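To start, the structure itself, in structure tokens.
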Amino acid sequence: MNLNSLDLNLLLVFDALMRTRSVTLAGERVGLSQSAASNSLQRLRDALGDPLFVRTPKGMEPSPLAMELELPIRGTLEQLRDTLQRTRVFEPSTANRSFKLLLSDIAQLVHMPLMVSQLRQQAPGISLETVAPPLREAKQAMVDGELDLAMGFLPDLGADFHRQSLFTETWTCVVSKDHPTIGETLTEAEYIAATHIAYHPAVSIHSILDQLLVAQFSSKGIKRKIGLSVPYWGGLASTVAACDLVLTAPVGPALSMTRLANVRIVPLPFELPKIDLCMQWHTRMHRDPANQWFRNLCAQSYRAGEALPIRG
């Protein structure tokens, strides 16, 4: 095959087919209709003398040659994108684009107001979309360039991801101001005797929180009595205010709850390891000027919120 006769746009179609296993979805990724994507696939087949993708009930399955070509073609495209991104200049005040951010409902409550305020002031033409897919899907979306950034209490996503710590959080307890037995302080015996709320987020970005608590309590021989398990943060402040349950939470979200309902903070009677709130992004976005600007804005807004007397 003569490389000079190959339309390099076909390589974009090939990469999209490898990622989606669908002619329709591959076309959508590269901005082609289904018929145009099918035509591109046929041109690739003719040029390489191989079927490349075979239709099956599970989708378009790649041939052995396609599997062999996947990493070299993807690496070449990534290197080309990286080179082109370095030459671009991003001007936020005149930019028109969107960013997609993995963010929890806690962060939307505590940090999003300041973040969006700064975004509107600096870049009024930019839109922001927050999403909450499972962490595995989020990782793949960042690999595919469909998700710009993930923020929260995250485990390390892997060698192909960059990580920036924003700040560390400590733990505290939240109880109703009218709690019948807990005063301004809490002993370890009172903590163990209390009935607790377990926060099991539906969003896997913060699933690490309760896992950390369970691990730490187990190591201390403490077993909490759980009276309520919830997947969402919204409405939790009002629930704590209306009952005698105890919520163990990071200080920032706990402080924000005191502004929403009749609740108060009581120090933990023992120490727990601090937790790291960070943001992570895939290496393909590392040198993208727009992504660099967005990361800087997010980091500034988070740190500004951390410096406030009462965050959120």
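Residue -9 is where the sequence shown starts when you use this note's numbering, and the numbers rise one by one after that.
Using N, Cα and C, we set each Cβ at its ideal position, and we do this for glycine too.
In this text the structure is predicted, and so the values were computed from the model without any measurement.
Which one of the options has the shortest CA to CA distance from residue i?
| i | options | result |
| --- | --- | --- |
| Gly49 | Met8, Leu34, Arg71, Ser88 | Met8 |
| Leu156 | Ala97, Gly21, Lys167 | Ala97 |
| His190 | Tyr181, Pro47, Asp200 | Asp200 |
| Trp352 | Ala56, Gly39, Val20, Val100 | Because the chain here runs from -9 to 302, residue 352 falls outside it and cannot be looked at. |
| Pro123 | Lys213, Leu(-2), Ser94 | Ser94 |
| Gln24 | Ala6, Leu38, Ala37, Leu(-4) | Ala6 |
| Phe207 | Leu218, Val230, Glu178 | Glu178 |
| Ala184 | Thr175, Lys215, His272 | Lys215 |
| Leu70 | Arg285, Pro103, Met275, Asn281 | Met275 |
| Leu319 | Ser219, Lys264, Pro279 | The requested residue 319 is not part of the displayed model; the chain covers only -9 to 302. |
| Ile255 | Ile212, Leu176, Val20, Gly65 | Leu176 |
| Ser12 | Gly225, Ala205, Glu51 | Glu51 |
Do residue i and residue j have their C-beta atoms closer together than 7 Å?
| i | j | result |
| --- | --- | --- |
| Ile116 | Ala140 | no |
| Leu235 | Cys163 | no |
| Glu119 | Lys90 | yes |
| Leu287 | Gln108 | yes |
| Ser246 | Met105 | no |
| Leu59 | Asp40 | no |
| Phe143 | Leu262 | no |
| Asp134 | Arg277 | no |
| Gln270 | Leu147 | yes |
| Ala26 | Ala16 | no |
| Arg33 | Leu0 | yes |
| Pro279 | Phe4 | no |
Going by other Cβ atoms of all chains shown within 10 Å of its Cβ, with 16 needed for buried, is residue i buried or exposed?
| i | result |
| --- | --- |
| Gln112 | exposed |
| Val253 | buried |
| Thr158 | exposed |
| Ile187 | buried |
| Thr238 | buried |
| Asp150 | exposed |
| Ser88 | exposed |
| Asp138 | buried |
Three-state secondary structure (DSSP) at residue i?
| i | result |
| --- | --- |
| Ala297 | Low confidence applies here, because Ala297 scores a pLDDT of 44, under 50, leaving its location unreliable and the question unanswered by this model. |
| Gly39 | coil |
| Phe4 | helix |
| Pro52 | strand |
| Thr46 | strand |
| Thr171 | coil |
| Gly115 | coil |
| Ala85 | coil |
| Leu(-4) | coil |
| Arg153 | strand |
| Val79 | coil |
| Ser209 | helix |
| Leu22 | coil |
| Ala188 | strand |
**Report entry** Whole runs of the alpha helix (DSSP H) within the stretch 212 to 290, excluding any shorter than 4 residues
**Finding:** Taken in chain order, the complete alpha helix (DSSP H) segments of 4 residues or longer contained in the stretch 212 to 290 are 226 to 231, 241 to 247.
**Report entry** Every unbroken alpha helix (DSSP H) inside the stretch 117 to 148 [4 residues or more]
**Finding:** Within the stretch 117 to 148, the complete alpha helix (DSSP H) runs of at least 4 residues are 125 to 133.
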